[in-house]
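Undergrad: The opening position of the sequence shown corresponds to residue 6 in the numbering used here, with each subsequent residue numbered one higher. Glycine included, C-beta positions come from ideal geometry on N, C-alpha and C. What follows is a structure written as structure tokens; I'll ask about it next.
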Amino acid sequence: MTFVDLLFLISNAFCFLTAGVILFKINTNKIFGVYVLVAYLILNGITNGFYLLIQYEYLSYVPVLYKIPAPLTFLIGPAAYIYTRATLYSQKGFRKWDWIHFVPFVFFAINYLPFYFMPLAEKSALVNEVI
């Protein structure tokens with residue numbers, strides 16, 4: 006494992022640890038922005054964690070997980086923006102037009118549906134070919 010990969014592993018652990026501490030240990034009074042921050046941290050942890058699974062070819066053992074985090078990357082930016090806005094303006098929930106930030110995620114997920122429903126044998130062959 007290289008130094009950079011070790012940093013990725015440590016940062017992923019801290020993402021999940023921080024999200025857990027914020028969600029369960031700190032008295033947040035159920036503030037909307039805190040939930041968005043926790044979602045942001047978890048999304049970052051998942052997408053960066055899959056980098057290590059791809060890097061060390063662990064996904065060839067579980068090809069079902071391949072491309073799962075790809076659409077999730079389109080949720081990181083909106084989560085960061087909504088968290089910042091909710092914190093600055095003390096918002097209690099989503100605004101009327103916030104759904105528009107999630108359109109790229111929906112399109113990307115729809116685009117990947119044929120891969121997600123592909124038979125396991127074909128998916129395994131494709132993953133082994135790519136990795």
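What does the alpha-carbon distance come out to for the pair residue 118 and residue 108?
TA: Locating residue 118 in the sequence shown gives position 113, where the first residue counts as 1. Locating residue 108 in the sequence shown gives position 103, where the first residue counts as 1. Answer to the nearest angstrom: the Cα atoms are 15 Å apart.
Undergrad: Return the CA-CA distance between residue 45 and residue 123, expressed in angstroms with no decimal places.
TA: For the purposes of this step, residue 45 is taken as residue 40 along the sequence shown, with counting starting at 1. For the purposes of this step, residue 123 is taken as residue 118 along the sequence shown, with counting starting at 1. Going from the Cα of residue 45 to the Cα of residue 123 covers about 29 Å.
Undergrad: Would you mind reading off the limits of the alpha helix (DSSP H) that contains residue 98?
TA: Looking up residue 98 in the sequence shown gives position 93. Note, residue 98: premise wrong, no alpha helix (DSSP H); not H, not E.
Undergrad: Report yes if the C-beta distance between residue 52 and residue 22 is below 8 Å; otherwise report no.
TA: Numbered from 1 along the sequence shown, position 47 holds the residue referred to as residue 52. Numbered from 1 along the sequence shown, position 17 holds the residue referred to as residue 22. Against a cut-off of 8 Å, the Cβ pair of residue 22 and residue 52 comes out as no contact.
Undergrad: Candidates 41, 18, 55, 68: which alpha carbon is nearest residue 133's?
TA: For the purposes of this step, residue 133 is taken as the residue at position 128 of the sequence shown. Looking at the Cα atoms, 68 is the closest of the given residues.
Undergrad: Grouping DSSP H, G and I as helix and E and B as strand, with all else coil, what is residue 67?
TA: Numbered from its first residue, the sequence shown carries residue 67 at position 62. Residue 67: coil per DSSP, three-state reduction.
Undergrad: By alpha-carbon positions, which one of 61, 34, 125, 135 ends up nearest to residue 11?
TA: Locating residue 11 in the sequence shown gives position 6, where the first residue counts as 1. Residue 61 is the option with its Cα nearest to residue 11.
Undergrad: So, are the CB atoms of residue 80 and residue 110 less than 8 Å apart?
TA: Reading the sequence shown from its first residue, position 75 is the one you call residue 80. Reading the sequence shown from its first residue, position 105 is the one you call residue 110. Result yes, Cβ atoms of residue 80 and residue 110 sit closer than 8 Å.
Undergrad: Starting from the C-beta of residue 65, find all residues in its chain whose C-beta is less than 7 Å away, skip the five residues before and the five after it, and write them out in chain order.
TA: Along the sequence shown, one-based indexing puts residue 65 at 60. Only 132, 133, 136 meet the Cβ criterion.
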